[in-house]
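Notes follow once the structure below has been shown.
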Amino acid sequence: MRYLFIFLAFLSINSSSDNLYYFEDENDETRFNNLIKDIRCPKCTSGSLSSSNAPISEDLKIKIAEMINENKTDQEIKDYVSSRFGQDSLYEPDLNKNTYILWYSPFVFLLLALLFFFFRRQ
Amino acid sequence: MNILLKLIVLIVPAIFIFLFFIILTNEDVYPGADYDQFELPDFELKDLDDSKRISIDFIEGDYVLNVWASWCITCIVEHPYLMNLSKTGVPVIGLNYKDEKQDAIVWLKKYGNPYQTILHDYKGNLALDLGVTGAPETFLINNGEIVAHYQGEVNDRIWNDVFMPIIKDRKMF
Chain A
6 MRYLFIFLAF LSINSSSDNL YYFEDENDET RFNNLIKDIR CPKCTSGSLS SSNAPISEDL
66 KIKIAEMINE NKTDQEIKDY VSSRFGQDSL YEPDLNKNTY ILWYSPFVFL LLALLFFFFR
126 RQ
Chain B
920 MNILLKLIVL IVPAIFIFLF FIILTNEDVY PGADYDQFEL PDFELKDLDD SKRISIDFIE
980 GDYVLNVWAS WCITCIVEHP YLMNLSKTGV PVIGLNYKDE KQDAIVWLKK YGNPYQTILH
1040 DYKGNLALDL GVTGAPETFL INNGEIVAHY QGEVNDRIWN DVFMPIIKDR KMF
């Protein structure tokens, strides 16, 4: 009898597990999982969509899944999100005139540091 | 050369202190304000009062779109200001966000209704397309184009500092 209960318990776990989002193929699902890691939850200080269960994140994930099934490209989906929830909703911001400092300043600082050590040695 | 290097130790922190002083003491910054302009997205929602279908062409001209819900505490705080605003002749359209119809109607009976029309966005589809993250949020719409978006409570100060310059600039209402 006990073994039957254990058996039933395992069976019930399997029968209640289901996908939250539906995709035509595995490639789409991989794209979805990558996208929700790259997009920030609009309500969280620092957390990706995949880490968030906030209502707005749930909505956004459903929307992204929809857009993937409509054959939208990753860039179109990212544009959709960033035009609505701001540039900072992308963990990897686009390279444009507003983000030059963000992308190139590490190299500038590296150069300055190298110059500093070069002159100090002299 | 050596003196210059030693001075850097003083100059660099001084620059940072100066920058932080300017940025942090600037009182004109409204973190909830967003002036991105974009077309009002397509929608078809039901009217909260009579369940008539409302599409994008239903509302014309300039208006204020206020996102609210009966579960939203800040909306109660904001509410008297919206009542005054609609009394002065500014058309205010409500977007009831993720709310049960009955709760919303009871809430309006209790506090009063400042809205000309209320769209019932039960699933939050239009709100998501607008970039709404919660309630209350307020949009300024100029001939089908969104010209300002504010996240949070609208009061006299926000209205005058965030919305008024754009209203004057575009000669709205």
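From first to last, the protein sequence lines stand for chains A and B.
For the first sequence, my numbering gives the first residue as 6, with consecutive numbering after it.
For the second sequence, my numbering gives the first residue as 920, with consecutive numbering after it.
Cβ atoms here follow ideal geometry from the backbone N, Cα and C, with glycine treated the same way.
- First and last residue of the uninterrupted beta strand (DSSP E) at alanine 1054 of chain B: Counting along the chain, alanine 1054 of chain B falls outside any beta strand (DSSP E), and DSSP gives it neither H nor E.
- Count the other CB atoms within 10 Å of the CB of phenylalanine 939 of chain B; is the residue buried (16 or more) or exposed (fewer)? exposed
- Task: Determine the chain B residues that contact aspartate 64 of chain A at a beta-carbon separation under 7 Å, and present them in chain order.
- Result: Gly1043, Leu1047
- Cβ neighbour criterion (16 or more within 10 Å) applied to arginine 1062 of chain B: Strictly speaking, residue 1062 of chain B in this sequence is asparagine, with arginine absent from that position. Result: exposed.
- Task: Output yes if chain A places a C-beta closer than 9 Å to the C-beta of threonine 944 of chain B; else output no.
- Result: no
- Query: Taking all protein chains shown into account, do 16 or more other C-beta atoms lie within 10 angstroms of the C-beta of threonine 1052 of chain B, making it buried, or fewer, making it exposed?
  - Reply: Threonine 1052 of chain B should be labelled buried.
- Task: Could you tell me whether the Cβ of phenylalanine 1092 of chain B comes closer than 9 Å to any Cβ of chain A?
- Result: no
- Message: Mapping the DSSP letters down to three states, classify isoleucine 975 of chain B as helix, strand or coil.
- Response: coil
- Task: Return the bridge partner residues of serine 989 of chain B from the DSSP annotation.
- Result: None, per the DSSP bridge assignment.
- Message: Would valine 1073 of chain B and tyrosine 982 of chain B qualify as a contact pair, given that the criterion is a beta-carbon distance under 9 Å?
- Response: no
- Query: When we look at the beta-carbon of asparagine 1003 of chain B and count the other beta-carbons within 10 Å, is it buried (16 or more) or exposed?
  - Reply: exposed
- Item | glutamate 97 of chain A: first and last residue of the uninterrupted alpha helix (DSSP H) it sits in | Element bounds for glutamate 97 of chain A: n/a, residue is neither H nor E.
- Task: Mind listing the chain B neighbours of tyrosine 48 of chain A? Cutoff is C-beta to C-beta under 8 Å, in chain order.
- Result: What sits at residue 48 of chain A in the sequence shown is lysine, not tyrosine. Within 8 Å Cβ-Cβ: Thr1052, Gly1053.
- Message: Give me, in chain order, the residues of the same chain whose beta-carbon lies closer than 7 Å to that of isoleucine 69 of chain A; leave out the 5 immediate sequence neighbours on both sides.
- Response: Phe37, Leu40, Ile41, Ile82
- Task: Spatial neighbours of serine 974 of chain B within its chain, please: CB distance less than 6 Å, with the 5 preceding and 5 following residues excluded, ordered by chain position.
- Result: Glu963
- Message: Going by DSSP in three states, phenylalanine 28 of chain A sits in which element: helix, strand or coil?
- Response: coil
- Task: Anything in chain B within Cβ reach of lysine 68 of chain A, meaning under 8 Å, just list it in chain order.
- Result: Leu1047
- Query: From the DSSP output, which residues share a beta bridge with aspartate 1080 of chain B?
  - Reply: Beta-bridge pairing links aspartate 1080 of chain B to no other residue.
- Count the other CB atoms, across all protein chains shown, that sit within 10 Å of the CB of valine 996 of chain B; report buried if there are 16 or more and exposed otherwise. exposed
- For serine 51 of chain A, count neighbouring Cβ atoms within 10 angstroms of its own Cβ and tell me buried if that reaches 16, exposed if not. exposed
- Message: Measuring straight from C-alpha to C-alpha, what distance separates phenylalanine 957 of chain B and tyrosine 949 of chain B?
- Response: 20 Å
- Are the region 1010-1026 of chain B and the region 1041-1057 of chain B touching, with three or more C-beta to C-beta distances below 8 Å? Judged by Cβ distances under 8 Å, the region 1010-1026 of chain B makes contact with the region 1041-1057 of chain B, as three or more pairs qualify.
- Of the choices B:Gly1043, B:Phe1092, B:Lys1090, whose alpha-carbon is the least far from that of isoleucine 61 of chain A? B:Gly1043
- Taking the alpha-carbon positions, what's the tryptophan 1026 of chain B to isoleucine 1086 of chain B distance? 30 Å
- Query: Below 9 Å between beta carbons: does that hold for isoleucine 1106 of chain B and leucine 1045 of chain B?
  - Reply: Only positions 920 to 1092 of chain B appear in the structure, and residue 1106 of chain B is not among them; the question remains open.
- Query: Hey, does arginine 89 of chain A have any beta-carbon neighbour from chain B nearer than 9 Å?
  - Reply: yes
- Message: For glutamate 29 of chain A, which residues in the same chain have their Cβ closer than 8 Å to its Cβ, ignoring the five residues on either side in sequence?
- Response: Asn74
- When the cut-off is 9 Å and only beta carbons count, does lysine 1017 of chain B lie next to chain A? yes
- Whole angstroms is fine: what's the gap from phenylalanine 112 of chain A's alpha carbon to glutamine 1035 of chain B's? Computed Cα separation, rounded: 55 Å.
- Task: Give the DSSP-derived three-state secondary structure of phenylalanine 957 of chain B in the structure shown.
- Result: strand
- List the whole-angstrom C-beta distance separating phenylalanine 1092 of chain B from leucine 1059 of chain B, where the pair is believed to meet the contact cut-off of C-beta under 8 Å. Here phenylalanine 1092 of chain B is actually not in contact with leucine 1059 of chain B; their C-beta atoms are around 10 Å apart, not less than 8 Å.
- Query: leucine 924 of chain B CB to nearest chain A CB: under 9 Å?
  - Reply: yes
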